[in-house]
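Below you'll find the structure, written out as structure tokens, and then a few comments.
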Amino acid sequence: MGDLVELRAVTHAYRTKAGPLPVLDDLSLTIPEGKFCAVVGPSGCGKSTLTRLIAGLMMPDRGEVFLHGEKVKSPRKTVGMAFQNPVLLEWRTILENVMLPLEIVAPSMPRSQRETRARDLLALVGLAGFETKRPSQLSGGMRQRASLCRSIVHKPEVLIMDEPFGALDAFTREDLWQLMHRLRAEEPFTALLITHDLRESVYLADEVIVLSDRPARVQYRMAIDAPAPRPISMLYDPDSVAKLAILREQIEIAQGRSGEVH
Ligand SMILES: Nc1ncnc2c1ncn2[C@@H]1O[C@H](COP(=O)(O)OP(=O)(O)OP(=O)(O)O)[C@@H](O)[C@H]1O
Ligand SMILES: [Mg+2]
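Numbering (the working numbering), first residue to last: 48 to 309.
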């Protein structure tokens with residue numbers, strides 16, 4: 048299987064009143080089909096910008112973005128997106144929220160088929176019985192589960208997640224990490240996860256990419272070969288602990304803080 052996502056020498060600057068703000072600098076990365084890539088890096092280094100370029104919501108100043116070998120030139124319907132705050136629509140039920148992408152991407156699909164697909168996914172994430180509730184009637188963790196269902200209901204080419212678990216408490220977050228692995232086992236997808244949580248990156252990803260400070264380049268890459276299923280206890284293995292220490296050090300280098308006494 049080939050590379051599903053490819054960024055080739057992407058350079059980008061935002062135009063601001065104070066002049067150009069360089070954000071990405073000659074950044075290249077690839078995500079092979081079916082793989083899960085986590086991206087970590089200092090705050091403000093350009094991670095969310097990266098997600099917008101892959102989704103085709105913005106074009107880079109220089110360089111190219113490819114999905115399945117095809118150059119991205121406009122917003123892509125076949126990308127699934129999930130964010131820190133699940134943007135569920137309050138005037139729709141949970142089931143209707145999950146069905147929404149299918150209405151856009153597969154308008155000719157019969158409603159009964161869309162509904163079955165959404166119900167199956169909600170059951171998979173433990174939300175059977177909550178289909179007719181409104182978003183405000185669910186806990187934060189449940190809303191994020193529903194939001195994940197919505198972002199994969201249309202079987203996107205790639206699932207892009209920008210700190211999706213950042214606002215959750217530690218135990219709910221770990222539940223959702225495990226859920227991600229279950230979802231991947233049930234219906235494999237290619238994923239890009241932006242996170243500030245190194246444990247999350249090691250637990251979930253096949254590869255962790257550390258970005259430098261702004262303008263971001265790829266500073267460091269680490270393969271995580273642990274086979275599925277991955278128990279949470281994997282994070283306490285000496286191998287994971289050593290990996291986390293290396294990643295921590297890389298973040299400090301990216302922040303320009305290596306060598307400081309803490
Ligand atoms: N539309 C915009 N116009 C001008 N500057 C922007 C715009 N969007 C982002 N920026 C700036 O570009 C830089 C990178 O932003 P981006 O949101 O990609 O960073 P990030 O790595 O996602 O940060 P965080 O970790 O805090 O989420 C920041 O300095 C930000 O202020
Ligand atoms: Mg961001």
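Ideal Cβ placement from N, Cα and C applies to all residues, glycine included.
What you are looking at is a predicted structure, and each value in this text was computed from that prediction instead of being measured.
In the three-state DSSP reduction, residue 212 falls in the coil class, being neither helix nor strand.
Secondary structure of residue 92 (DSSP, three-state): coil. At a cut-off of 8 Å, the beta-carbon of residue 209 counts as near ligand 2: some heavy atom of the ligand is closer than that.
Taking C-alpha positions only, residue 75 is separated from residue 53 by approximately 7 Å. Shown here, residue 255 sits in a strand according to DSSP, grouped into three states.
Relative to ligand 1, the beta carbon of residue 256 is positioned no closer than 8 Å to any heavy atom.
Taken from the Cβ of residue 241, at least one heavy atom of ligand 2 lies inside 8 Å. Residue 230 and residue 60 have their alpha carbons spaced roughly 36 Å apart. Per DSSP, reduced to three states, the secondary structure at residue 59 is strand. Residue 169 places its beta carbon 9 Å or farther from that of residue 147. Set against 8 Å, the gap from the CB of residue 92 to the closest heavy atom of ligand 1 is smaller. Residue 259 and residue 110 have their C-alpha atoms roughly 18 Å apart. Close CB contacts of residue 290 within its chain, under the 6 Å cut and outside five residues either way in sequence, are with 249 (chain order). Per DSSP, the unbroken beta strand (DSSP E) holding residue 75 starts and ends at 66-79. Annotation: the continuous alpha helix (DSSP H) that includes residue 187 extends over 187-199.
By the Cβ criterion, the stretch 133-141 is not in contact with the stretch 78-97, since fewer than three pairs of Cβ atoms, one from each stretch, lie closer than 8 Å. Nearest Cα to residue 95 within the set 242, 160 and 184: 242. One alpha carbon belongs to residue 81, the other to residue 253, and they sit about 10 Å apart. For residue 142, the three-state secondary structure derived from DSSP is helix. For residue 111, the enclosing beta strand (DSSP E) has its first and last residue at 109-114.
Listed in chain order, the beta strand (DSSP E) runs fully inside the stretch 258-286 are 265-270, counting runs of at least 3 residues.
A straight line joining the alpha-carbon of residue 92 with that of residue 301 spans about 9 Å.
Within the DSSP secondary-structure output, residue 129 pairs in a beta bridge with 208.
A direct Cα-Cα distance of roughly 39 Å separates residue 108 from residue 275. Residue 122 and residue 216 have their alpha carbons spaced roughly 33 Å apart. As the crow flies, the alpha-carbon of residue 67 is around 11 Å from that of residue 262. In terms of side-chain proximity, the C-beta atom of residue 95 is found nearer than 8 Å to a non-hydrogen atom of ligand 2.
In this structure, DSSP gives residue 153 a state outside helix and strand, which the three-state scheme calls coil.
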